[in-house]
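Protein chains in written order, with the working numbering: chain W, 1 to 312; chain X, 1 to 391. Cβ atoms here follow ideal geometry from the backbone N, Cα and C, with glycine treated the same way.
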Amino acid sequence: MKTDTPSTSPLQHDRLVRGLGWASALLGVPQVVAPVGFARALGVDDTFRHRSATTAVGVRELAAATGLLGRPRPAWLWGRVGGDLMDLTMLARALKNHDGRGLGRTVAATAAVTAITATDVYAAVTRTHRSTPMELTAATTVTAPPDEVYALWSDLERLPDFMAHLDEVRVTGARTSHWRANAPFGKAVEWDAETTQDVPGRLIAWRSVDGADIDNSGEVRFVPAPGGRGTEIRVTLRYDLPGGALGKAAARYFGEEPHQQLDDDLRRFKQIAETGEVVRSEGAPGGKRARGEFPQHPARPLTENELKEALA
Amino acid sequence: MKANCWTGRNSVEVQDVPDPSILNSRDAIVKITSTAICGSDLHLLDGYVPTMEKGDIMGHEFMGEIVEVGPGISDGTLRVGDRVVVPFPIACGACASCRAQLYSCCENTNPNAGISEKLFGHPTSGIYGYSHLTGGFAGGQAEYARVAFADVNALKIESDLSDEQVLFLSDILPTGYMGADMCDIQEGDVVAVWGAGPVGQFAMDSARVLGAEKVIAIDKETYRLDMAAAQGYTTVNFEDVDVRSALLELTGGRGPDKCIDAVGLEATHGASHVHLYDRAKQAVRSETDRPHVLRQAIVSCRSGGTVSVIGVYGGLIDKFPAGAWMNRSLTLRTGQCHVQRYMQPLLGLIEQGTIDPTRIITHRLPLTEAPTGYDLFKNKKDHCEKVVLTP
């Protein structure tokens with residue numbers, strides 16, 4: 001059970017992004033409508049291959065235009081960068097095999113595309129760095145009454161035992177704590193948090209205070225499960241993920257998909273609540289690092305050094 | 001220590017590996033005295049179960065003597081020197097599934113639950129030596145093994161029964177028994193069992209113990225059918241006759257009241273074109289399992305009867321006869337065996353002499369000859385039914 005709610009895009013009213021969207025549209029329309037004339041204007045000869053390449057590029061530009069003007073996301077900007085690199089490759093090939101007629105126009109087109117590429121890279125990089133607010137939810141059921149489960153969770157310094165991305169939580173006051181976490185690509189992030197709500201047996205909520213590396217907040221609710229089955233635990237985390245959509249995509253590529261991570265965190269919380277510890281196997285000896293261990297250690301006993309590392 | 005390791009599709013090798021160590025506080029280390037090769041090990045050998053890694057230790061049927069216990073094992077439960085049989089599914093004993101005696105669905109013992117959840121919708125328990133999908137636990141075809149949550153899993157053997165009499169409590173005897181138990185056998189019931197391998201034989205014995213009037217064994221290996229016939233069961237060789245017609249004839253046209261699939265995903269089919277169809281689909285991964293037995297059991301079972309599935313399936317099947325199943329009010333029951341639920345009562349039946357698990361053992365080999373054992377068992381050479389290995 002999980003949801004992912006990206007906020008409405010701040011790129012909607014970004015002038016550079018809209019400009020690039022219109023540029024895509026202005027380029028795409030003639031490419032699709034009159035590929036022959038367009039190819040001639042570039043100084044490349046009118047062969048079937050050049051014509052179909054021009055049409056294909058036009059379709060791509062129109063797609064980018066629709067994306068950037070309709071629902072702008074940094075991914076579309078990166079799409080444009082990819083397209084630019086494709087165009088440069090094709091133009092380079094055209095230059096290499098050029099018959100001489102209209103060479104000047106081809107050179108000019110190449111220069112123009114190079115300038116556009118620079119603009120696109122600038123736009124993609126700067127717009128991507130805007131963070132994307134994200135909300136994650138997950139739930140599990142533990143066979144223990146809400147009071148006990150609440151007590152376990154409210155011991156904040158134990159959170160790193162089961163939350164994979166947390167390295168340390170230090171309680172600094174009655175309602176304050178200092179958190180240190182590992183972010184994708186080995187970066188460490190730290191923040192101070194304050195407990196905003198604390199209802200014994202029912203609810204704990206917190207948020208980072210000003211100056212956090214990543215603004216974040218969260219809450220966990222403890223609800224009696226029907227039929228005397230213990231406690232339903234519902235966690236909501238909200239945070240501004242650095243790198244926005246691209247950061248998210250990259251993190252997913254490196255196996256740090258946030259939903260999965262929260263699900264796995266809750267699974268380990270359940271293991272601790274029900275059995276007292278995080279379960280380890282020879283294949284996943286690192287306990288909470290299981291997901292980061294792929295491909296896993298073979299399912300055979302560990303050497304002394306491996307064991308030391310795994311239990312560290 | 002020496003251990004039998006998976007080294008790639010169709011290849012196992014006895015290798016030198018480190019001795020096991022305690023990883024969790026309720027672990028115990030067992031010095032293995034007997035271990036066995038299971039039919040489901042062949043699915044791993046043949047490469048049908050994803051997430052195997054080179055060097056994984058095989059084996060989930062083992063027993064031995066406790067040589068070390070973790071600090072979390074409370075006094076009076078398990079001690080060094082205890083002789084124990086280890087059930088193949090690892091149970092935590094505390095989650096909702098374990099409390100409901102659904103031990104193989106334990107919610108806590110699979111560190112790779114995220115993967116099994118993607119494949120199965122919900123996670124399943126850890127299993128020894130059975131791929132990383134079931135947790136990446138080292139198996140028991142070795143000199144020593146680590147047993148997780150030993151206090152709620154290991155069954156102490158305090159009588160002087162031999163290893164061979166109790167070893168199969170780890171898996172195949174309870175698995176066969178659960179197959180019959182799920183049939184809810186009534187007076188006069190005819191029970192048909194597909195597969196006369198070790199699990200099928202125990203399903204037949206269990207059906208008889210639970211009161212079946214007649215037990216029918218279906219297979220193509222005559223030596224396996226002979227083994228069933230020697231116990232007084234009726235046999236059907238699917239290479240000689242059409243199974244459904246034969247079953248109708250044996251049951252006065254009603255069809256068997258209860259059908260047990262003790263074959264699973266690598267079934268063969270009497271009609272070669274049907275077999276080739278599923279084999280081809282399996283090869284291109286458009287279905288992962290060959291469900292001939294499941295289809296045949298559903299179509300053969302009498303209306304209102306029960307089809308009980310203990311043969312292993314891993315993924316997707318094709319042409320499931322949903323019409324026969326639905327329109328004829330069949331009940332389909334299944335599960336990886338909840339071994340811990342059956343161990344104690346079955347130990348009682350062995351002590352009484354009601355069930356003799358040793359009757360299926362055809363080969364006894366040293367652990368170092370495990371690869372030979374796999375070859376004998378897989379290729380049904382030398383009338384192989386069950387291989388027991390001793391380290």
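For T109 (chain X), there is no enclosing beta strand (DSSP E), as DSSP marks it with neither H nor E.
Using a Cβ-Cβ cut-off of 7 Å, T143 (chain W) is close to A94, C95, A96 and R99 of chain X, given in chain order. Taking 8 Å as the threshold, the shortest C-beta distance from P20 (chain X) to chain W falls below it.
For N237 (chain X), DSSP records a beta bridge to X:D219. Following the DSSP letters along the chain, one finds P224 (chain W) in no alpha helix (DSSP H) but inside the beta strand (DSSP E) bounded by residues N216 to P224.
For E274 (chain W), at least one C-beta of chain X is nearer than 8 Å to its own C-beta. Any Cβ of chain X closer than 8 Å to the Cβ of E232 (chain W) would place that residue at the interface, and such an atom is absent.
Under the DSSP assignment, T55 (chain W) falls in the alpha helix (DSSP H) whose first and last residues are F48 to G70. Contact check between the region 173-190 of chain X and the region 250-270 of chain X: three or more CB pairs, one atom from each, fall below 8 Å, which counts as touching. Secondary structure at G129 (chain X): coil, using DSSP grouped into helix, strand and coil. For chain W, the residues of the region 48-79 of chain X that bring a beta carbon within less than 8 Å of one of its beta carbons are E53, K54, G55, D56, I57 and G72, in chain order.
Between Y239 (chain W) and D215 (chain W), the beta carbon gap of about 7 Å places them in contact (Cβ cut-off 8 Å).
Residues of chain W whose Cβ lies closer than 7 Å to the Cβ of L23 (chain X) are, in chain order, R280 and P285. In this structure, DSSP gives G64 (chain X) an extended state, which the three-state scheme calls strand. With contacts defined by Cβ atoms closer than 8 Å, D155 (chain W) and V113 (chain W) do not form a contacting pair.
Contacts with chain X at 8 Å (Cβ-Cβ) include Q271 (chain W). Look at D265 (chain W): its C-beta is not under 8 Å from any C-beta on chain X.
Counted as a single uninterrupted DSSP element, the stretch harbouring A212 (chain W) is not any alpha helix (DSSP H), since DSSP gives it neither H nor E. For R300 (chain W), the residues of chain X that pass the 8 Å Cβ criterion are A3, C5, V17, P18, G55, D56, I57 and A138, in the order they occur in the chain. Not flagged as an interface residue toward chain W: T358 (chain X), since no C-beta distance is shorter than 8 Å. Residue pairing for F377 (chain X): DSSP places it in no beta bridge.
Within chain W, the residues whose beta carbon sits less than 7 Å from that of P111 (chain X) are V279, R280, S281, A284 and A290, listed in sequence order.
DSSP places S25 (chain X) in the coil class of the three-state scheme, outside both helix and strand. Taking a beta-carbon distance threshold of 8 Å, P160 (chain W) does not count as an interface residue toward chain X. Only residues of its own chain outside the window of five on either side were considered, and among them W6 have a CB closer than 6 Å to the CB of D56 (chain X), listed in chain order. Contact annotation: the region 119-126 of chain W does not touch the region 219-238 of chain W, with fewer than three C-beta pairs closer than 8 Å. S300 (chain X) and L276 (chain X) have their alpha carbons spaced roughly 22 Å apart. In the DSSP assignment, Y313 (chain X) falls outside any alpha helix (DSSP H) and carries neither an H nor an E. Secondary structure of T51 (chain X) (DSSP, three-state): coil. Around the beta carbon of E143 (chain X), 16 or more other beta carbons sit within 10 angstroms, so the residue counts as buried. The C-beta of G114 (chain X) comes closer than 8 Å to at least one C-beta of chain W. Under the three-state reduction of DSSP, T231 (chain W) is assigned to strand. I260 (chain X) is bridged by DSSP to X:V193 and X:S308. One finds nothing in chain X with a Cβ atom closer than 8 Å to the Cβ of T137 (chain W); even the nearest lies about 17 Å away. For T175 (chain X), the enclosing alpha helix (DSSP H) starts and ends at I172 to D181. Here DSSP, grouped into helix, strand and coil, assigns P295 (chain W) to coil.
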